[in-house]
């Protein structure tokens, strides 16, 4: 709904037909791109439902970020333990997210609470190298983005469109 409001304010009701940059894709094509499905990779990492199958990585938590922001989603998984996280190496946001943030005048803090900033799924693990290896087998771009810490709360290195003003959120 935030995306729709921004796009209607900037481009009118037919925003979905407006070309994105110089390519053949329209804003509608980009906005309606389906979410990536991670279930097969996660099942492979954890061993799935088959108790005889060995997990390929130790997984302590799985966070599906699409449809919500990083702080709330990661915080929800870590809250029962009283732990927090420092996300010091986040993925760069897409050009589309930065465009929407700029055109909608969405502050970085609000953007991180609303959008995934290119983080479709976050796996909480003490074995990031194993998780990254399995993800690569499923052609999922992955990287170690941060660490779990004993202090509650989620800190994120800000990569939003005004990141120089507030380096950590």
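In our numbering, the protein residues as written are 51 to 219.
C-beta: ideal position from N, C-alpha, C; glycine also.
Assuming residue i and residue j form a contact by the criterion Cβ under 8 angstroms, report the distance between their Cβ atoms to the nearest whole angstrom.
i: residue 209; j: residue 130; result: Not confirmed; about 28 angstroms, so no contact.
i: residue 156; j: residue 95; result: With a Cβ gap of about 33 angstroms, residue 156 and residue 95 do not count as contacting.
i: residue 220; j: residue 115; result: The requested residue 220 is not part of the displayed model; the chain covers only 51 to 219.
i: residue 137; j: residue 205; result: 7 angstroms
i: residue 134; j: residue 201; result: 5 angstroms
If the criterion is Cβ atoms closer than 8 angstroms, does the pair residue i and residue j meet it?
i: residue 125; j: residue 162; result: no
i: residue 174; j: residue 147; result: no
i: residue 127; j: residue 113; result: yes
i: residue 81; j: residue 53; result: yes
i: residue 65; j: residue 190; result: no
i: residue 188; j: residue 102; result: no
Can you tell me whether DSSP reads residue i as helix, strand or coil?
i: residue 72; result: coil
i: residue 173; result: strand
i: residue 199; result: strand
i: residue 168; result: coil
i: residue 79; result: helix
Tell me, please, which residues DSSP counts as bridged to residue i.
i: residue 205; result: 136
Specify, as a first and last residue, the run of the beta strand (DSSP E) that residue i falls within.
i: residue 114; result: 111 to 114
What are the boundary residues of the alpha helix (DSSP H) that residue i is part of?
i: residue 86; result: Careful: residue 86 lies outside any alpha helix (DSSP H) and carries neither H nor E.
i: residue 120; result: 120 to 128
i: residue 188; result: First-last for residue 188: undefined, no H or E at that position.
i: residue 219; result: No alpha helix (DSSP H) holds residue 219; DSSP gives it neither H nor E.
i: residue 161; result: 158 to 164
i: residue 145; result: 145 to 153
Could you check whether the Cβ of residue i sits closer than 7 angstroms to any heavy atom belonging to the ligand FAD?
i: residue 168; result: No copy of the ligand FAD appears in this structure; indeed no ligand is present at all.
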